[in-house]
Amino acid sequence: MKTSDMSSGVIVGGADGGNIMIYDAAKLIQGESALLHHNAKHTGPVHSLDFNKFQDCLLASGATESEIFIWDLNNPAAPVTLGAKSQPLEDVTCVSWNCQVQHILASTFPARCVVWDLRKNEPIIKVSDSSSRLRCKVVCWHPEVATQLCLASEDDHSPVIQLWDLRFATSPLKTLEHHQRGVLSIAWCAQDPDLLLSCGKDNRILCWNPNSNVENGEVLCELPAGSQWSFDVAWCPRNPAIIANSSCDGHVSVFSLMGGQQQVQCSSKIAESFPGSDTLIQPPNVESIHRHISVPLQKPPKWIRKPVGASFGFGGKLVYFASDSSTAPQTGDYPQPRIVHITQVVTEPELLKKSEKLESSLVNGNLVDFCQSKADASQTEQERITWNFLQATFNSAPRSQMLSLLGYNYEKVVSE
1 MKTSDMSSGV IVGGADGGNI MIYDAAKLIQ GESALLHHNA KHTGPVHSLD FNKFQDCLLA
61 SGATESEIFI WDLNNPAAPV TLGAKSQPLE DVTCVSWNCQ VQHILASTFP ARCVVWDLRK
121 NEPIIKVSDS SSRLRCKVVC WHPEVATQLC LASEDDHSPV IQLWDLRFAT SPLKTLEHHQ
181 RGVLSIAWCA QDPDLLLSCG KDNRILCWNP NSNVENGEVL CELPAGSQWS FDVAWCPRNP
241 AIIANSSCDG HVSVFSLMGG QQQVQCSSKI AESFPGSDTL IQPPNVESIH RHISVPLQKP
301 PKWIRKPVGA SFGFGGKLVY FASDSSTAPQ TGDYPQPRIV HITQVVTEPE LLKKSEKLES
361 SLVNGNLVDF CQSKADASQT EQERITWNFL QATFNSAPRS QMLSLLGYNY EKVVSE
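The UniProt record's numbering applies: residue 1 is where the sequence shown begins, and numbers increase by one.
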């Protein structure tokens, strides 16, 4: 939420004891006292928070005992509950607002996902997979398809991500299976639905194409792994090439998807500063550092693809391409092929007609008739004579024709 008094917005945190704290972000940056509001309405630890995509004053929170509250930050002292609590009473591990429909909210419990309609103040569907040991940790909505969502399992025996469509909620559409241990966080790119991030207990951060038909899921890129669990991952809302990751060693790492997954280890900072000192014996406690080298994604992200392009060629040719709005969205392994159009740009229609007529006469060899038609259409006597002389050069007897145009009798000239 942003107001004139809080230009940098607010930061909301959930903690043990059911505490919800609201801070002024600008004052936090300045090191001042920033707490705006404190509330302990929940009966247990707060596990998840999510702001509504359409009304930034609405905040959903999930805690223990199936508690889900909707907060209006304009009146944070009186949160609203979502109907009757989902049974059996369990921890709410994640809450997530729909990206397309503002009154739809998803919540996850260890064994199921419950989707709520705030207009009805009741759940509209419960999603669960009885055929697998799915232990739901987090839910994430498709950024463009309102009925699709991803569920991630934190179970080490079933560390999968499932893509569901609520219109066909009997089984998942596909399952992504490249994590070795439980998945703790997923994030779908708002600017490119073909990019999904995940991280988990195996210390890995994977970037998937959830719309690919590759069996067990297509991994587009794997970011450098840390030494501890990665429990949260998020996209930068302003620059989608930047992502942030939190790990259990207390570090927040920032990566760019436009590069970097392999590591090159330098011997030490001292060795870098003094070239040619490799033969020196280094003490065992010299601090080692790592540098990342660039490794691109397997496919270009949507935000760097040109939606349209054009270029002029020689002879008035125009080559262009554009996104075809009539083509269905890409859901396979490869992007939809684009058609390149080559057209002729005509700025002088009459000149083009004359050019085509001349070209036709050259091809067919009837230049005599062409010159005669031009002479007949001449506006001046000089122009008519010019075309007549030009016609004479293409005549079968050009010499006699030339003499005739000059006013001489060809036979008389020959006899003399």
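Note that beta-carbon positions come from the ideal geometry of N, C-alpha and C, so glycine has one too.
Quick caveat: nothing in here was measured; it's all calculated off a predicted structure.
Its Cα nearest to that of ALA241, the residue LEU257 stands out among ALA234, SER311, LEU257.
Ranking GLY217, ILE243, LEU206, GLU65 by CA distance to the CA of ALA225 puts LEU206 first. Closest in alpha carbon position to ASP16, among SER33, LEU36, THR64, is THR64.
The three-state secondary structure of LEU49, taken from DSSP, is strand. PHE109 is a Cβ neighbour of SER86, given a cutoff of 9 Å. A Cβ-Cβ contact shorter than 9 Å links VAL183 with PRO159.
For GLN162, the uninterrupted beta strand (DSSP E) run begins and ends at 161-165, by DSSP. When the alpha-carbon of PHE54 is set against those of MET402, CYS99, VAL214, the nearest one is in CYS99. The straight-line gap separating the alpha-carbon atoms of SER373 and PHE321 is approximately 42 Å. For SER246, the uninterrupted beta strand (DSSP E) segment begins and ends at 242-247. Distance check between ALA111 and each of VAL10, PRO301, PRO88 places PRO88 closest, using alpha-carbon atoms only. In the DSSP annotation of this structure, the continuous segment of the beta strand (DSSP E) that includes ALA187 starts and ends at 183-188.
Secondary structure of ARG119 (DSSP, three-state): coil. Rounded to whole angstroms, LEU58 and SER130 show a C-alpha spacing of 33 Å. Counted as a single uninterrupted DSSP element, the alpha helix (DSSP H) harbouring VAL368 occupies residues 367-376. Taking a cut-off of 8 Å for Cβ pairs, the segment 209-218 and the segment 236-251 do not touch, as fewer than three such pairs fall below it. The bridge partners DSSP lists for ASP72 are LEU58. If you check the CB distance, LEU367 and PHE389 do not come in under 9 Å. Excluding sequence positions up to five before and after ALA152, its CB lies within less than 6 Å of the CB of LYS137, VAL138, ILE161, VAL183, ILE186, all in the same chain and listed in chain order. Here GLY200 really is in contact with SER230; their C-beta atoms are around 7 Å apart, less than 8 Å. Here the alpha carbons of ILE104 and PRO79 stand approximately 17 Å from one another. For PRO193, the closest alpha carbon among the candidates PRO143, LEU149, GLN148 is that of PRO143.
In this model, SER48 and SER61 are separated by some 6 Å (Cα to Cα). Scanning the segment 184-244 for uninterrupted beta strand (DSSP E) segments of 3 residues or longer gives 196-200, 205-209, 218-223, 230-235, listed from N- to C-terminal end. For GLN401, the enclosing alpha helix (DSSP H) covers residues 398-405. Assigned with DSSP and collapsed to three states, GLY313 falls in coil, not helix or strand.
Taking the Cα of GLU222 as reference, the smallest distance to any Cα among LEU297, ASP376, ASN239 is reached at LEU297. Under DSSP, SER96 forms a beta bridge with ALA106. Cβ-Cβ distances below 6 Å link CYS94 to SER48, THR108, VAL138, VAL139 in the same chain, with the five nearest sequence neighbours on each side left out; the list follows chain order. Taking the Cβ atoms as the reference, ILE11 lies roughly 10 Å from ALA26, outside the contact range of under 8 Å. When only Cα atoms are considered, PHE255 and TRP235 end up about 10 Å apart.
For LEU73, the closest of PHE394, LYS354, GLY13 by C-alpha to C-alpha distance is GLY13.
Between the alpha carbons of ALA77 and ASN213 lies a distance of about 48 Å.
As computed with DSSP, ARG112 is found in a beta bridge with PHE109. Contact check for PRO307 against LEU195 fails: the beta carbons are separated by 9 Å or more.
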